[in-house]
Each structure stands twice: as structure tokens, then as C-alpha cells.
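Residue numbers for the sequence shown follow UniProt numbering, so the first one is 1 and each next one is one higher.
We treat Cβ as the ideally placed atom computed from N, Cα and C, and that holds for glycine.
Because the structure is a prediction, the values reported are computed rather than measured.
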Amino acid sequence: MGALSSRHDRNGKWRPESAASDCASAIVKAFNGVEPLPADYDDAENLLQMRGGGRSLAYYTGRTAPSDLIDRVFTLTKKNMSRLYDETNFLGGWKDRMKHREISAAKNHILVLSDENGSLIGFISYRFMIISDCQPATEVCYVYELQVDVGFLVVRASEHAQESFRSRGVGKFLMDIATVIGRYVGAKKLMCTVLKLNSRALSFYRSKCGFVNDESDPDSFDCRCGHDHCYHILKLELGGTDAFPEGS
């Protein structure tokens with residue numbers, strides 16, 4: 001699977017969708033024990049730590065996801081985010097129809113982590129696009145949602161204590177997969193929009209994942225775009241590679 005053939009058409013236009021699906025499917029098969037873990041996976045240790053306990057990983061697009069899964073993903077997003085949308089008036093506040101349409105859009109890619117009963121632990125959704133706000137046209141993987149169900153609690157037997165999956169690295173695990181996929185398809189960076197009021201998320205992206213303000217961030221010195229400043233636009237620079245999943 002060569003770099004040009006899998007990512008660009010004959011006119012040199014970026015076409016990441018097929019390669020992204022191949023990469024995500026290979027990771028899902030490895031996680032679920034269907035095929036061996038590819039040697040070139042960038043963060044194999046984190047992937048292996050999340051395995052076990054009956055947990056499973058699944059990949060869909062908005063077009064292929066079952067309607068009941070879309071509904072569960074929507075419900076988790078609403079539970080975690082609706083109050084923040086309303087408090088900041090982001091996009092005019094929370095709107096069920098708008099968010100449901102976003103999640104189920106054909107170009108939306110969704111990775112879902114579930115427990116042994118098939119209940120949703122968390123998910124990440126992302127799209128591929130060209131960004132040109134306050135910068136030259138740049139190929140990016142844009143993370144639309146990264147949500148973990150804080151209601152899921154696990155017992156750490158050695159300490160007889162409970163902790164939520166949010167504190168067990170589920171978000172970082174899902175973000176690591178998106179990073180691998182973004183690099184594989186030749187995205188120059190991973191991007192996301194984070195509400196300033198969501199201090200936990202800002203700390204996660206910046207401290208744990210290494211994100212910084214993008215050139216298009218409303219607070220950026222180089223971009224006085226006049227947007228609503230209730231959010232940050234963050235980026236993680238990527239180095240596109242052809243290492244994974246060759247031959248899968």
C-alpha cells in the first residue's frame with residue numbers, strides 16, 4: 001500500500017478515507033485478538049493494557065454504524081457536554097438534532113470501546129479535512145468527539161477501591177489510535193476544539209497528549225479572526241509515515 005496510491009488521487013488530491021479505514025480495521029482486529037498486533041504500532045504497550053476483561057473495540061463510519069450505536073454515542077455525548085454547550089452558548093447552545101446529525105454523518109469515523117456486556121465505555125470520532133484558516137492549506141485529522149462514560153467504575157482489587165474509566169487512560173488510548181491513523185494517512189496534524197470552561201479536557205489534551213494552540217485558535221497572536229473566544233482550537237503536529245499497516 002504505497003503512499004501516493006493509498007492517500008492521493010492521480011491529480012495529487014488528498015484522499016485519506018480508504019487508507020484510514022484500513023488502518024482502523026487493522027487496529028481493531030489486533031485489539032480483539034483476531035490478528036496479531038502489528039509490530040509497527042506506535043504505542044503497543046498502551047493498546048495491550050486496555051485489552052482483557054472482555055473489552056472490545058469496534059470501528060464504524062457514520063454511514064455503517066448501527067442506529068442503536070449512534071443513539072448510545074449521542075446519549076453519552078449529551079450527558080457529558082450539553083451543560084457546557086449551554087453555559088458557554090457554544091454554537092448557540094446544545095441542539096439534539098445538530099449533534100445527532102454530526103455523529104451520523106457519512107464522513108464521520110468512530111472508534112468505540114465496549115465492555116464485556118457490549119455497554120459503551122467510550123468513543124472517539126474524527127474526520128479528515130483541509131484546514132486553511134490562518135495558515136496554508138493543511139491536511140488534518142480533526143477530532144470531533146472524545147467521550148468516556150464516567151459512570152463506568154472498576155474495582156482495583158489490590159486497593160479495594162473504585163475509579164472511573166476516565167482515570168484509567170481510556171481517553172489517551174483512543175487518542176493514541178487516532179494519532180496512528182492520522183500519521184498513516186499523511187495528516188500533518190491532529191486538531192480539536194475544546195471549550196475553555198472544560199478545564200479537565202484542556203489539561204488532558206495539553207499535558208497528557210502534547211497539544212498546543214493551533215494557528216487558527218481565536219487567542220492566537222497570528223490569528224485575530226474575531227471568533228467567539230469561549231473555546232480553544234488545539235493541534236498536535238504529526239509526521240505522516242507509511243509504516244502501518246503495510247501488508248495487512
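Any idea what DSSP makes of residue i, helix, strand or coil?
i                 : result
asparagine 80     : helix
phenylalanine 211 : coil
arginine 55       : coil
cysteine 23       : helix
glutamate 237     : strand
residue 249       : Look at the range of the chain in this structure, 1 to 248, and you will see that residue 249 is not part of it.
threonine 64      : coil
valine 34         : coil
histidine 229     : coil
alanine 243       : Caution is warranted here: a pLDDT of 48 is assigned to alanine 243, below 50, making its placement in the model unreliable, and the coordinate value is therefore given only provisionally. Three-state DSSP puts alanine 243 in coil, outside helix and strand.
valine 112        : strand
valine 180        : helix
glutamate 159     : Note that glutamate 159 has pLDDT 45, beneath the 50 cutoff, so the model's placement of it is unreliable and the number below is only indicative. Three-state DSSP puts glutamate 159 in coil, outside helix and strand.
Whole angstroms are fine: how far does the CA of residue j sit from the CA of residue i?
i                : j                 : result
serine 10        : serine 119        : Sequence check: residue 10 is arginine here, not serine. One C-alpha to the other measures close to 43 Å.
glutamate 116    : glycine 186       : 34 Å
arginine 101     : glycine 33        : 33 Å
isoleucine 130   : cysteine 192      : 14 Å
aspartate 214    : isoleucine 110    : 23 Å
serine 114       : proline 66        : 15 Å
tyrosine 205     : phenylalanine 211 : 5 Å
phenylalanine 90 : lysine 13         : 33 Å
valine 180       : arginine 51       : 18 Å
glutamate 163    : glycine 54        : Note that glutamate 163 scores 44 on pLDDT, short of 50, meaning its location in the model is unreliable; the coordinates nonetheless yield the value given after this. Spanning the two alpha carbons is a distance of roughly 18 Å.
In chain order, what residues of the same chain have a beta carbon less than 8 Å from the beta carbon of residue i, not counting five sequence neighbours either side?
i             : result
histidine 160 : Since pLDDT at histidine 160 reaches only 41, below the 50 mark, its modelled position is unreliable, and the value read off the structure follows with that caveat. Hits under 8 Å: none found.
In terms of DSSP beta bridges, what is residue i paired with?
i             : result
arginine 127  : Tyr142
cysteine 192  : Val143 and Leu234
tryptophan 14 : His8
Examine the ligand GDP and report whether any of its heavy atoms sits within less than 7 Å of the Cβ of residue i.
i          : result
lysine 235 : In the structure shown, the ligand GDP is absent, as is every other ligand, since no ligand is present at all.
To which residues of the same chain is residue i closer than 7 Å at the C-beta, ignoring the five residues directly before and after it?
i           : result
leucine 146 : Ile124, Gly171, Leu174 and Met175
Excluding the 5 residues flanking residue i on each side, which residues of the same chain have their C-beta closer than 6 Å to its C-beta?
i          : result
lysine 235 : Lys189, Met191 and Asp214
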